[in-house]
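The block underneath contains the structure these notes are about, expressed in structure tokens.
There are 2 protein chains.
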Amino acid sequence: MAAWVRFVAVLELLPGVFDGQLRRDSGVTHFEYFVMAVLSETPGRTLRMAELAGATNATLSRLSHVVQRLEDRGLVERLPCPGDGRAINARLTESGWAKMEAAAPGHVATVRRHVIDVLTPEQIEQLAAISDAILASVDLPGPMAAGYRRYDEPGDAKES
Amino acid sequence: MAAWVRFVAVLELLPGVFDGQLRRDSGVTHFEYFVMAVLSETPGRTLRMAELAGATNATLSRLSHVVQRLEDRGLVERLPCPGDGRAINARLTESGWAKMEAAAPGHVATVRRHVIDVLTPEQIEQLAAISDAILASVDLPGPMAAGYRRYDEPGDAKES
DNA sequence: CCGCGAAAGTTGAAGCGACAACTTGATTCA
DNA sequence: TGAATCAAGTTGTCGCTTCAACTTTCGCGG
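Which chain is which? The protein sequence lines are S and H, in order.
Numbered continuously in the numbering used here, the first sequence closes out at residue 176.
Numbered continuously in the numbering used here, the second sequence closes out at residue 176.
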């Protein structure tokens, strides 16, 4: 119970820390940063919207809005996907790549300062295991779904 | 690094899970629930806005809006604080108490299902320690030391 | 006792996310 | 083949959060 209260505080405060730092220093949301980060790590810096949504744990609606804003700022571009007329490829532009290179150091430093550096190596491994366990119960379609899939959950009835 | 990606996914997904469950089942946001929960655990079910903000890790502005909405729905009430003309006491109403009693079981069940029950007792302790470490680095620039004060408060801290 | 700065809240505008409705392109199957 | 169905995205609206003023009150020094 005490653990829960503190964990809730973390859930409440950490996103604001990252969001604030990125917005002040680079004019980007944490989620925008994450979207561009995923694109930048992809061969061709291009991904279909649906896959990008899966990789960033977002709904298509949310991603659509975000990509719209990023496109207005010239950080990504939308290309029709050859072979499937309804799919759209999102691609990180050169400008977007430059934005990432400018924003990454500050963000990484913030992550280190508030998470990595305050934990021991054992705690980091523990955090990974804990996150895995939680994700398994929450994350029905997940990030890195390949090789990560569980066949079924016991008694997990997610009501509508 | 792999730990970080998974932890980010947790930070991204868990709030939505709790928020969705509470909104569907009880018509309350997770933060509204948390605000009322803190009030319900306070002697007199009453707290000054600033202290409530500290206990819920929120800004005064955010809390003001939320309490406004809760007051419109009759779940809390605002009382001028005797002794300090600028302070406001937020108090959980009977209706708000009833709402909490109705909402709590479902929320607790959700928390258990997605967090408590998927972790071992050791992991829960680890999570508490990890949360503590992260909070310590996040609270430094902020007035949020109250997260710990919530449970060792002897009676009413109205005058200092 | 007066003025000044800080504390406690409030307010309004702007931005982001959730949700539902909608459009359009692919699939399936009778 | 053609109609029903599903998948991929988009759009619009609404509610919540943030940010920057703003108001009022308290405390303090002159």
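No residue lacks a Cβ here, since even glycine has one placed at the ideal position from N, Cα and C.
Any Cβ of chain H within less than 8 Å of the Cβ of GLN142 of chain S?
It does; some Cβ of chain H falls within 8 Å.
From which residue to which residue does the beta strand (DSSP E) around VAL92 of chain S run?
Unbroken beta strand (DSSP E) run through VAL92 of chain S: 92-96.
Taking the alpha-carbon of PHE50 of chain H as reference, which of H:LEU79, H:CYS97, H:PRO137, H:SER153 has the nearest alpha-carbon?
Nearest option by C-alpha distance: H:LEU79.
Is GLN37 of chain S close to chain H? Criterion is C-beta to C-beta, closer than 8 Å.
No - not a single Cβ of chain H is within 8 Å of the one on GLN37 of chain S.
Using a Cβ-Cβ cut-off of less than 7 Å, list which residues of the segment 107-131 of chain H approach chain S; keep chain order.
Cβ contacts with chain S: VAL127, ARG129, HIS130, VAL131.
Is the shortest distance between the beta-carbon of ALA149 of chain H and the beta-carbons of chain S less than 8 Å?
Judged by the 8 Å Cβ criterion, ALA149 of chain H is in contact with chain S.
Go through its chain and collect everything with a Cβ distance to VAL54 of chain H's Cβ below 8 Å, but skip five positions before and after it.
Correct list, in chain order: LEU63, LEU68, ALA71, THR72, ARG166.
Compare the C-alpha of THR109 of chain H against each of H:VAL127, H:ARG94, H:ALA19 and name the closest.
For the residues H:VAL127, H:ARG94, H:ALA19, the minimum Cα distance to THR109 of chain H belongs to H:ARG94.
Select from the segment 18-44 of chain S all residues with a C-beta closer than 8 Å to any C-beta belonging to chain H, and list them in chain order.
If the cut-off is 8 Å between Cβ atoms, the segment 18-44 of chain S has ALA18, ALA19, TRP20, VAL21, ARG22, PHE23, VAL24, ALA25, VAL26, LEU27, GLU28, LEU29, LEU30, PRO31, VAL33 near chain H.
Compute the distance between the beta-carbons of PHE86 of chain H and GLU48 of chain H, then report whether it is under 8 Å.
Sequence inspection shows Leu at residue 86 of chain H; the Phe mentioned does not correspond to that position. Contact: yes.
Can you pull the chain H neighbours of SER153 of chain S, defined as C-beta to C-beta under 7 Å?
Within 7 Å Cβ-Cβ: ARG129, HIS130, VAL134.
Using the C-alpha atoms, what's the distance from ARG40 of chain S back to GLY32 of chain S?
Using only the alpha carbons, I get a separation of about 12 Å.
List the residues of chain H whose Cβ lies closer than 7 Å to the Cβ of ILE104 of chain S, in chain order.
What ILE104 of chain S touches in chain H: nothing, since even the nearest Cβ is about 22 Å away.
Identify whether LEU126 of chain S lies in helix, strand or coil by the three-state DSSP scheme.
The sequence given here places Thr at residue 126 of chain S; Leu does not occur at that position. THR126 of chain S: helix per DSSP, three-state reduction.
With DSSP as the reference, identify every bridge partner of LEU108 of chain H, one or two as the case may be.
In the DSSP output, where bridge partners are listed per residue, LEU108 of chain H has H:VAL92.
Since ALA69 of chain H meets chain S, which of its residues come closer than 8 Å, beta carbon to beta carbon?
Within 8 Å Cβ-Cβ: nothing; ALA69 of chain H doesn't reach chain S, min ~12 Å.
Checking contacts by CB at 8 Å: is GLN139 of chain H closer than that to chain S?
Closer than 8 Å to some Cβ of chain S, the Cβ of GLN139 of chain H qualifies, so yes.
Secondary structure at TYR167 of chain S, three-state DSSP: helix, strand or coil?
Since pLDDT at TYR167 of chain S reaches only 25, below the 50 mark, its modelled position is unreliable, and the value read off the structure follows with that caveat. The answer is coil: DSSP assigns TYR167 of chain S none of H, G, I, E or B.
With a CB to CB cut of under 8 Å and the five nearest residues on each side skipped, what residues in its chain are close to GLN37 of chain H?
Result list for GLN37 of chain H: GLY122, HIS123, THR126, in chain order.
Going by DSSP, which residues form a beta bridge with LEU63 of chain S?
Paired residues: S:ALA106.
Is any beta-carbon of chain S found at less than 8 Å from that of ALA145 of chain H?
So, interface residue.
Tell me the rounded alpha-carbon separation between PRO137 of chain S and SER153 of chain H.
In a straight line, the C-alpha of PRO137 of chain S is about 17 Å away from that of SER153 of chain H.
In or out: ARG22 of chain H buried (at least 16 other Cβ within 10 Å) or exposed?
By the 10 Å Cβ count, ARG22 of chain H comes out buried.
From GLN139 of chain S to ASP35 of chain S, what distance separates their C-alpha atoms?
Roughly 24 Å separates the two Cα atoms.
Alpha carbon to alpha carbon, how far is THR58 of chain S from ASN105 of chain S?
If I take the Cα positions, the gap works out to 12 Å.
Would LEU143 of chain S and ILE132 of chain H qualify as a contact pair, given that the criterion is a beta-carbon distance under 8 Å?
For LEU143 of chain S and ILE132 of chain H, no; Cβs fall outside 8 Å.
Go to GLY32 of chain H, then tell me how far its alpha helix (DSSP H) extends in each direction, as first and last residue.
18-42 is the extent of the alpha helix (DSSP H) around GLY32 of chain H.
Please report the residue range of the alpha helix (DSSP H) in which LEU151 of chain S lies.
Note, LEU151 of chain S: alpha helix (DSSP H), 137-154.
What do you reckon, are the CB atoms on ASP155 of chain S and ALA25 of chain H nearer than 8 Å?
Going by C-beta atoms, ASP155 of chain S is nearer than 8 Å to ALA25 of chain H.
Excluding the 5 residues preceding and the 5 following MET160 of chain H in the sequence, name in chain order all residues of the same chain whose CB lies nearer than 7 Å to its CB.
Residue confidence for MET160 of chain H is low, a pLDDT of 39 falling below 50, so the modelled location carries little weight and cannot support an answer.
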